[in-house]
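Visitor: Pasting a structure below so you can have a look.
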Amino acid sequence: MALDYVETSKKIIEAVGGVSNIASATNCMTRLRLVLNDESKADDKKVEKIKGVKSVIKQGGQYQIVIGNEVSNLFKEFKTMGNFGAEGGSSAPKKAEGNIIQRLFGFISGCMTPMLPAMLGCGMMKVVLTLLTTFAGLSTEGSTYIILNAMGDCFFTFLPIFLAFNIAKKMDGSPMLFMAVAAAMVYPDLVTLMGGGSLELGTFLGMDCTYLFGIPVICSTYTSSVLPMLLMAPVMK
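Numbers 1226 to 1462, taken from the working numbering, label the letters of the sequence shown in order.
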């Protein structure tokens, strides 16, 4: 029997302490991820007894409810009931609990999880493109290949910008400001400069570098990267 998304959502909200106790909500591939203002108000046993709920996991400051493959459809109904979603709820998210390692992994997970649908979609486009070139004889020189390849590569090429948006929401910062920093990192002319395609490079500590007002800047390409933007987060904050 199909899961009643509306009824299940109502029961979950009631069991975790009501709409006012939910600071923010999002979902990944199998879990409904909530940040609660007061976890003591949530009745774990009551939540686990709700039809469609498989288990409850508390991790990285999140109250995670395991639903399964139907979670994305459930979340569509869930987020309309309290006017909350991945962009935050009616109150500030609760500070993450646990030791520094747990908090760090919780932060990274919270920033990466919302990007999974786009990541999987572009990944599947790359699979389709591979099949077309391998078995259908699609030329890698034609416009069809170039257009489809752009659809598959776009997310990964501009990954720092997508990540910057999620980091800003997690840190209660300005999304546009964080995204502007990430956009500068993947700006085509800068990528070309760092690759040595436009100016003669020097060396610093045995590594290729270019210069900013005479200050050595180590050459590196930031497209498809995650770590540089994560390291930039505390600086931006």
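Ideal placement from N, C-alpha and C gives every residue a C-beta, glycine not left out. In this text the structure is predicted, and so the values were computed from the model without any measurement.
Which residue comes first and which comes last in the beta strand (DSSP E) that contains N1252?
Guide: As a working note, residue 1252 is residue 27 in the sequence shown. That run of the beta strand (DSSP E) goes 1247-1252.
Visitor: Short of 8 Å in beta carbon distance, which residues of its chain neighbour I1333, apart from the five on each side in sequence? Order them along the chain.
Guide: Here residue 1333 refers to the residue found at position 108 of the sequence shown. Excluding positions up to five away in sequence, the list reads L1455.
Visitor: Could you check if K1270 is buried or exposed, using at least 16 other CB atoms within 10 Å of its CB as the buried criterion?
Guide: To locate residue 1270, count along the sequence shown from 1; it is residue 45. So K1270 counts as exposed.
Visitor: Please list the segments of the alpha helix (DSSP H) lying wholly inside the segment 1264-1292, counting only runs of 4 or more residues, in order along the chain.
Guide: 1269-1273
Visitor: Straight-line CA distance for K1235 to V1291?
Guide: Walking along the sequence shown from the start, residue 1235 turns up at place 10. Walking along the sequence shown from the start, residue 1291 turns up at place 66. Rounded to the nearest angstrom, the two C-alpha atoms are 16 Å apart.
Visitor: Rounded to whole angstroms, what is the Cα-Cα separation between G1463 and S1245?
Guide: Coverage of the chain is limited to positions 1226 through 1462, which leaves residue 1463 absent and any answer about it impossible.
Visitor: For A1458, count the other beta carbons within 10 Å of its own beta carbon; 16 or more makes it buried, fewer makes it exposed. Which is it?
Guide: Within the sequence shown, residue 1458 is the residue found at index 233, counting from 1. Counting Cβ neighbours within 10 Å, A1458 comes out buried, since at least 16 surround it.
Visitor: What separation, rounded to the nearest whole angstrom, lies between the Cα atoms of L1418 and C1379?
Guide: For the purposes of this step, residue 1418 is identified with residue 193 of the sequence shown, where counting begins at 1. For the purposes of this step, residue 1379 is identified with residue 154 of the sequence shown, where counting begins at 1. Approximately 21 Å between the Cα atoms of the pair.
Visitor: Just checking, does the segment 1347-1366 make contact with the segment 1383-1391 on the three C-beta pairs under 8 Å criterion?
Guide: no
Visitor: What's the gap between the Cα of L1402 and the Cα of A1393?
Guide: Within the sequence shown, residue 1402 is the residue found at index 177, counting from 1. Within the sequence shown, residue 1393 is the residue found at index 168, counting from 1. Between L1402 and A1393, the C-alpha separation is close to 8 Å.
Visitor: May I ask you to list the residues that DSSP assigns as paired with R1328?
Guide: Position 103 of the sequence shown, counted from the start, is the residue given in the question as residue 1328. R1328 pairs with nothing; no bridge assigned.
Visitor: Which residues in the same chain have their Cβ closer than 6 Å to the Cβ of V1416, if we skip the five residues on either side of it in sequence?
Guide: Translated into positions along the sequence shown, residue 1416 becomes position 191. Around V1416: T1446.
Visitor: Would you mind working out which of C1253, V1260, T1255, A1240 sits nearest I1247, comparing C-alpha positions?
Guide: Sequence index remark: in the sequence shown, residue 1247 carries index 22 (1-based). For the residues C1253, V1260, T1255, A1240, the minimum Cα distance to I1247 belongs to V1260.
Visitor: Please tell me whether A1240 and I1282 are closer than 9 Å, where the distance is taken between their beta carbons.
Guide: Within the sequence shown, the letter at position 15 stands for residue 1240. Within the sequence shown, the letter at position 57 stands for residue 1282. No, Cβ-Cβ distance for A1240 and I1282 is not below 9 Å.
Visitor: Please determine, among L1257, I1326, G1285, the residue with the shortest C-alpha to C-alpha distance to E1293.
Guide: Counting from 1 along the sequence shown, the entry for residue 1293 is found at position 68. In the sequence as presented, Glu is not what sits at residue 1293; that position holds Gly. Answer by Cα proximity: L1257.
Visitor: Nearest by alpha-carbon distance to T1305: which of K1395, M1340, E1232, R1328 is it?
Guide: Mapped onto the sequence shown, residue 1305 falls at position 80. Per the Cα distances, E1232.
Visitor: Relative to the alpha-carbon of G1243, which residue among D1414, S1265, S1297 has its alpha-carbon at the smallest distance?
Guide: By 1-based counting over the sequence shown, the position of residue 1243 is 18. Of D1414, S1265, S1297, the residue nearest in Cα terms is S1265.
Visitor: Does the beta-carbon distance from F1381 to M1344 come in below 9 Å?
Guide: Numbered from its first residue, the sequence shown carries residue 1381 at position 156. Numbered from its first residue, the sequence shown carries residue 1344 at position 119. Contact: yes.
Visitor: Would you kindly work out how many angstroms separate the C-alpha atoms of S1249 and I1326, rounded to a whole number?
Guide: The sequence position of residue 1249 within the sequence shown is 24, counting from 1. The sequence position of residue 1326 within the sequence shown is 101, counting from 1. Answer to the nearest angstrom: the Cα atoms are 22 Å apart.
Visitor: Measuring straight from C-alpha to C-alpha, what distance separates M1396 and P1339?
Guide: Position 171 of the sequence shown, counting from 1, holds the residue named residue 1396. Position 114 of the sequence shown, counting from 1, holds the residue named residue 1339. Using only the alpha carbons, I get a separation of about 15 Å.
Visitor: Look at the alpha carbon of E1273 and the alpha carbon of M1350, and state the distance between them as a whole number of angstroms.
Guide: Within the sequence shown, the letter at position 48 stands for residue 1273. Within the sequence shown, the letter at position 125 stands for residue 1350. If you draw a straight line from the Cα of E1273 to the Cα of M1350, it is about 37 Å long.
Visitor: Skipping 5 residues on each side, what residues in its chain have a beta carbon closer than 7 Å to that of V1442?
Guide: Position 217 of the sequence shown, counted from the start, is the residue given in the question as residue 1442. So the qualifying residues of the chain are C1434, T1435, Y1436.
Visitor: Check this for me: beta carbons of F1303 and Y1230, under 9 Å apart or not?
Guide: Taking the sequence shown and counting its residues from 1, one reaches residue 1303 at position 78. Taking the sequence shown and counting its residues from 1, one reaches residue 1230 at position 5. A contact, by the Cβ cut-off of 9 Å.
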